[in-house]
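Adding 805 to a residue's 1-based position in the sequence shown gives its number in the working numbering. Cβ coordinates follow ideal geometry from the N, Cα and C atoms, glycine included.
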Amino acid sequence: LEKRELFPAIYFCFSRMECERRAQANARRSLLTGPERRRMLALFDELASRYEVTDAPDTIAIRHLAGRGVLYHHAGMLPIDKEIVERLFTTGLVKALFATETFSLGVNMPARTVVFHALSKYDGVEFGRILAREYWQMAGRAGRQGIDDKGWVFSLLDESRIGYPDLERLHSGRVEPVISRFNLGYSGILNLYRRVGEGVTDAWERSFARYQKKKARGGKRAAQIQARLDLLEARHYISDEGLTRKGRLCAQINGYEIAVTEAYEQGWLLRCDPVQMSMVFAAMIYEARPHDASARPTRSLKGIAMPFRFHMEAFYAEELEHGIYAPVRPPDFGIAGPVQAWAEGRDFEHVLSTTSLAAGDLVRVLRMTIQLLRQTAHALPSGDDTIEVLHEAKERIDRDVVDAKRQLELG
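Listed below in structure tokens is the structure:
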């Protein structure tokens, strides 16, 4: 990126830390002229003021990079900071943006140049080659329509991981076929059962995924649906008369429906105050990564957390006995400490200091918790005592940087 005629450039990295490290390394000298720098900082300060994050430490650090024409973008950032970066990039003043592949999805952010830090990425288990459709999705950002005659794409090669056949595959223009991910979860199965009874497997037979798998694993998928039906009957979600009360509740929740339903039916939600309710619902959503660490909660979940986890582990084991290959994950209370602090009104910087999670990851868990609390309150019968506690739990955590509606209104 030494030649200015290649700017603006998007430099795709496949790790968050690499994005930040390379952005900081390339910001040692300014890529902006004096007038460009003044305009960039004026725009940055206007956006930071509008979103009320002028004094936030992460935003201040990003401002320093912006003043040199360099920024980074990844899922671990606060949503507000990502929004500021995206808006600044559209001005053309950002000369080099270091981003993960999420920047290429769902937003129209073309540049003159795209650089690949690597053509392989870590998938959580091992390094693997990127797909041709992933490559073209990102490479397609090079060249701004109506501005550039051509776009430039550069790739840094690690010959120990990428060989000539891989390059030929990526550059051939032949992308992998789209594979349907249609899969009936418990909520979907219950809603279909309410309408068609034992004919639920017909939904699979008529689906695009079944068409694709007709010569392969179609029967296995149908068997999985039947296995879930058998388990739902054994767990009293369905009966000969249709959906039970338990089944009707589960059918109205999309995502984490089994955990919510079992927690409600076993009476654990009735024992929660609003702060505890936030902690329990966040545990249903949170999935710890190997190096995650958070402060332990000071609010007791005695008689709730352990019984709930053991109960869901038993459900998990029963799924395996039925041959279900994507069993429900038990709750993870590793995030209970930060969630408690946030629900009790502590400021975001304090809460972030109690966990190794990135700011964006913590906000994502809290926002998903809000959605699940809202869904559950809507699904419960009118007058249920739990509804008021669910609403108060939602109000306690739906504030400040977590409040997505507020962010939209400020923007």
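Taking the alpha-carbon of residue i as reference, which of the options has the nearest alpha-carbon?
i	options	result
glutamate 1003	Glu1046, Leu1185, Pro1095 and Ala1148	Glu1046
valine 919	Leu1034, Gln942 and Asp1097	Gln942
arginine 826	His976, Asp963 and Val875	Val875
glutamate 1118	Val1133, Arg868 and His1127	Val1133
glutamate 973	Thr895, Leu1178, Tyr940 and Ala1110	Tyr940
leucine 1185	Glu810, Thr895 and Ile1058	Ile1058
arginine 809	Ala1100, Phe1113, Leu836 and Arg1026	Leu836
proline 1102	Tyr1121, Ile1140 and Cys1077	Ile1140
alanine 1146	Ser965, Met1111, Gly1108 and Ala1087	Ala1087
asparagine 913	Ser925, Thr895, Glu906 and Arg1026	Thr895
glutamate 1149	Asp1078, Met1089 and Tyr1091	Asp1078
valine 890	Glu906, Leu910 and Arg868	Arg868
glycine 1024	Ile952, Arg938, Thr1006 and Arg1000	Thr1006
phenylalanine 932	Phe1138, Ser1083, Phe819 and Val1085	Phe819
arginine 1211	Ile865, Arg842, Pro884 and Phe817	Pro884
What does DSSP give as the partner residue(s) for residue i in the beta ladder?
i	result
lysine 926	Gly933
valine 958	Val919
glycine 1052	Note: glycine 1052 sits in no beta bridge, so no partner.
isoleucine 1043	Leu1048
threonine 1160	Ser1099
alanine 947	Ala916
Could you give the residue range of the beta strand (DSSP E) that holds residue i?
i	result
threonine 918	918 to 921
histidine 878	875 to 878
leucine 902	901 to 904
phenylalanine 817	814 to 817
Hey, quick one: how far does the alpha helix (DSSP H) through residue i stretch, first residue to last?
i	result
isoleucine 1090	1079 to 1090
arginine 1175	Residue identity differs from the one stated: residue 1175 is isoleucine in this sequence, not arginine. Element bounds for isoleucine 1175: 1164 to 1184.
glutamate 1200	1190 to 1202
phenylalanine 1153	1153 to 1157
asparagine 996	991 to 1001
proline 884	884 to 894
aspartate 863	862 to 871
leucine 975	969 to 976
valine 1065	1062 to 1070
histidine 1116	1110 to 1126
phenylalanine 853	Just to set this straight, residue 853 is alanine in the shown sequence, not phenylalanine. Here the alpha helix (DSSP H) through alanine 853 covers 839 to 855.
tryptophan 1147	1141 to 1148
alanine 830	821 to 831
alanine 1131	From DSSP, alanine 1131 is part of no alpha helix (DSSP H); its letter is neither H nor E.
glutamate 1214	1209 to 1215
In angstroms, rounded to a whole number, what distance separates the CA positions of residue i and residue j?
i	j	result
tyrosine 998	cysteine 824	47 Å
leucine 1106	glutamine 1081	7 Å
tyrosine 1061	aspartate 863	32 Å
glutamate 1126	proline 915	50 Å
valine 777	arginine 821	Here the chain comprises residues numbered 806 to 1216, so residue 777 is not present and cannot be evaluated.
threonine 1049	isoleucine 994	14 Å
aspartate 850	isoleucine 967	43 Å
glycine 978	histidine 1096	38 Å
leucine 1175	aspartate 1190	Residue identity differs from the one stated: residue 1175 is isoleucine in this sequence, not leucine. Cα to Cα, the separation comes out at about 18 Å.
phenylalanine 1153	valine 1144	11 Å
glutamine 1031	tyrosine 1042	14 Å
arginine 1076	aspartate 860	39 Å
proline 1200	leucine 1167	According to the sequence shown, residue 1200 is glutamate rather than proline. Glutamate 1200 and leucine 1167: Cα-Cα distance of roughly 17 Å.
proline 813	arginine 949	10 Å
aspartate 886	glycine 839	24 Å
histidine 976	leucine 1074	54 Å
threonine 1159	serine 1099	6 Å
leucine 1177	alanine 1209	15 Å
serine 910	serine 1044	The sequence as given places leucine at residue 910; serine does not occur at that position. Approximately 43 Å, taken between the alpha carbons.
glycine 1165	glycine 872	23 Å
arginine 1026	glutamate 1124	15 Å
In chain order, what residues of the same chain have a beta carbon less than 6 Å from the beta carbon of residue i, not counting five sequence neighbours either side?
i	result
leucine 893	Val899
alanine 1163	Gly881
leucine 1171	Ile1202 and Val1207
arginine 1094	none
valine 1065	Ile1058 and Thr1181
arginine 934	Ser925 and Asp971
isoleucine 1192	Ala1182 and Leu1185
Once the 5 residues before and after residue i are set aside, which same chain residues still bring their CB inside 7 Å of it?
i	result
glutamate 1070	Lys1051
leucine 961	Phe921, His922 and Ala923
arginine 1179	Lys1199
glutamate 1197	Pro1079
alanine 1068	Leu1074, Val1085 and Phe1113
aspartate 992	In the sequence under discussion, the amino acid at residue 992 is serine, which differs from the aspartate named in the question. The answer, listed in chain order, is Cys1055, Ala1056, Ile1058, Asn1059 and Glu1062.
Among the residues of its own chain, which have a CB less than 8 Å from the CB of residue i, if the five just before and after it don't count?
i	result
leucine 870	Ala828, Gln829, Ala832, Leu876 and Tyr877
glycine 1216	Arg855, Tyr856 and Glu888
isoleucine 1129	Gln1029, Ala1032, Arg1033 and Leu1036
isoleucine 1109	Trp1073, Arg1076, Cys1077, Gln1081 and Val1085
glutamate 981	Leu936, Ala937 and Arg938
glutamate 841	Gly874 and Leu898
leucine 846	Arg868, Ala871 and Gly872
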